[in-house]
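Enquirer: Chains as they are written, first to last, in numbering that gives the first Met the number 0: chain A, 0 to 81; chain B, 0 to 285.
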Amino acid sequence: MAKIIYNRKECIGAASCAAVCPEFWVMNEDGKADLIGGKEISDGIFEREISDEEKTQAQKSVIACNKEAAESCPVNVIKIEE
Amino acid sequence: MAELKQFNTPGRDPNWCPGCGDYGIWNAFKRALVTINIEPKDIVIATGIGCGSKINHWVNTYGFHGLHGRLIPIAQGIKLTNTDLTVIAVGGDGDGYSEGGNHFLNGVRKNINMTYFIQNNQIYGLTKGQTSPTSDEETKTKSTPEGSHDSPIHGLSTAIINGATFVARGFAGDMNHLIKLMGLAIQHKGFAFVEILQPCVTFNKVNTYDWYKQRVYYLQKEKHNSKDKIAAIGRGMEWGDKIPLGILYQEEKTLYENLHSEIKENPLVKQDILNIDISSIFEDYM
Chain A
0 MAKIIYNRKE
10 CIGAASCAAV
20 CPEFWVMNED
30 GKADLIGGKE
40 ISDGIFEREI
50 SDEEKTQAQK
60 SVIACNKEAA
70 ESCPVNVIKI
80 EE
Chain B
0 MAELKQFNTP
10 GRDPNWCPGC
20 GDYGIWNAFK
30 RALVTINIEP
40 KDIVIATGIG
50 CGSKINHWVN
60 TYGFHGLHGR
70 LIPIAQGIKL
80 TNTDLTVIAV
90 GGDGDGYSEG
100 GNHFLNGVRK
110 NINMTYFIQN
120 NQIYGLTKGQ
130 TSPTSDEETK
140 TKSTPEGSHD
150 SPIHGLSTAI
160 INGATFVARG
170 FAGDMNHLIK
180 LMGLAIQHKG
190 FAFVEILQPC
200 VTFNKVNTYD
210 WYKQRVYYLQ
220 KEKHNSKDKI
230 AAIGRGMEWG
240 DKIPLGILYQ
250 EEKTLYENLH
260 SEIKENPLVK
270 QDILNIDISS
280 IFEDYM
């Protein structure tokens, strides 16, 4: 199982995540990014799990997509735990 | 109370490159306006030419998108005509220090109650990557294949020396700090000048978010006296391994508009011009 962790409080709305991984990231009207399907686990911190049940190939592409989002984020508020 | 959604432009989103520092500035700017509680109808944003100068397309206030480098005279003209408005000029480092260099030098000398945000990415981005007045020496671009031989402009020190009464620097990568700084600048009574560091992710591969993060430090954590003009000029000259963020200089000074009897009591726009007889002026030339 992998996990996406997103600190929305520190997001500056640079929109790079939504550009490289639009299946998971979308820009909100408040100017910051939203993690699609993410759940707020504490104040401004969002998580989304990528389950083992997903097909291996799909999981790989999902993780790669989100890793690119994390790497492209200028303020490093996206983390991927595998 | 002003709300963030009042400043949004539904259906029209910025077209800056993904990751551009302009996004952080744009987000901080709108939040600063909410924080200090100004209504969109009371704000005019005057801009020059450049990627960042398109900001007033995507902030729901009044706006004037002017010629390259001419944003200060536009902003000052608007302010002197209607002193009730909050007037904010926004443009890039090339626009402000090069094309608009003369306006910058002379605009800061007038303590008109307005704010000027200069977005400094050390490159001309809109024209696809030429050296700007803030490019470091040896910077290689299409226009300087052997590296720039020009000394970069120190805009903050220049502004202090020439009379700006609020001078500060922010960073697009620290939005919370920038929100406060922009709010304080807009609330300052007089000419407020803020240089905002921002990467150009497409055409400047040297001065990245990480490059700035490794160098910036916060003046509020230092023993810096923002009323000490000489010390502030010195801070403004700092560049390289350490780059100061925060308020470098601030002073109280009589507003330019309060020194002019014509507009001291009432903005020009609210004055009755229907019953003015200028025939006596012409008689002097007859």
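For every residue, glycine included, the Cβ atom is placed at its ideal position computed from N, Cα and C.
(1) So what's Val76 (chain A) in DSSP terms, helix, strand or just coil?
(2) Let me see if you follow: with CB-CB separation under 8 angstroms, is Pro17 (chain B) close to chain A or not?
(3) Is it true that the CB of Gln5 (chain B) sits closer than 8 angstroms to the CB of Asn59 (chain B)?
(4) Enumerated in chain order, which unbroken segments of the alpha helix (DSSP H) with a length of 4 residues or greater are wholly contained in the stretch 128-210 of chain B?
(5) Starting from Leu32 (chain B), trace the alpha helix (DSSP H) both ways and give me its first and last residue.
(6) Would you say Trp25 (chain B) faces chain A, with C-beta separation under 8 angstroms as the test?
(7) With a threshold of 8 angstroms between beta-carbons, can Met174 (chain B) be considered close to chain A, or not?
(8) Glu237 (chain B) by DSSP, collapsed to three states: which one?
(9) In the DSSP assignment, what are the bridge partners of Lys2 (chain A)?
(10) Helix, strand or coil: how does DSSP classify Ile73 (chain B) here?
(11) Could you spell out where the alpha helix (DSSP H) holding Ile15 (chain A) opens and where it closes?
(12) Give the straight-line distance between the Cα atoms of Gly65 (chain B) and Asn75 (chain A), rounded to the nearest whole angstrom.
(13) Does the stretch 46-59 of chain B come close enough to the stretch 119-132 of chain B to have 3 or more Cβ pairs within less than 8 angstroms?
(14) Check distances from the C-beta atoms of the stretch 12-35 of chain A to those of chain B and list, in chain order, the residues that come in under 9 angstroms.
(15) Return the residue from the list B:Leu155, B:Phe28, B:Arg214 that minimises the CA-CA distance to Arg234 (chain B).
(16) From the DSSP output, which residues share a beta bridge with Phe103 (chain B)?
(17) For a quick check, are the C-beta atoms of Ile42 (chain B) and Ile87 (chain B) less than 8 angstroms apart?
(18) Using 8 angstroms as the limit for Cβ to Cβ distance, is Val74 (chain A) near chain B?
(19) On a CA-only basis, which of B:Phe190, B:Thr140, B:Tyr22 is nearest Val166 (chain B)? Give me that one, please.
(20) Just the chain B side, please: which residues come within less than 8 angstroms of Ser71 (chain A) by C-beta, in chain order?
Expert: In terms of the structure at hand:
(1) In the three-state reduction of the DSSP assignment, Val76 (chain A) falls in the coil class.
(2) yes
(3) Cβ distance < 8 angstroms, so Asn59 (chain B) and Gln5 (chain B) count as in contact.
(4) 154-160, 174-186
(5) 20-34
(6) yes
(7) yes
(8) coil
(9) A:Glu48, A:Glu80
(10) helix
(11) First, the amino acid is wrong: residue 15 (chain A) is Ser here, not Ile. Element bounds for Ser15 (chain A): 15-19.
(12) Across the structure, Gly65 (chain B) and Asn75 (chain A) are spaced so that their CA atoms are roughly 36 angstroms apart.
(13) yes
(14) Gly12, Ala13, Ala14, Ser15, Cys16, Ala17, Ala18, Val19, Met26, Glu28, Asp29, Gly30, Lys31
(15) B:Leu155
(16) Looking at the DSSP assignment, Phe103 (chain B) forms no beta bridge with any residue, so it has no partner.
(17) yes
(18) yes
(19) B:Phe190
(20) Pro17, Gly18
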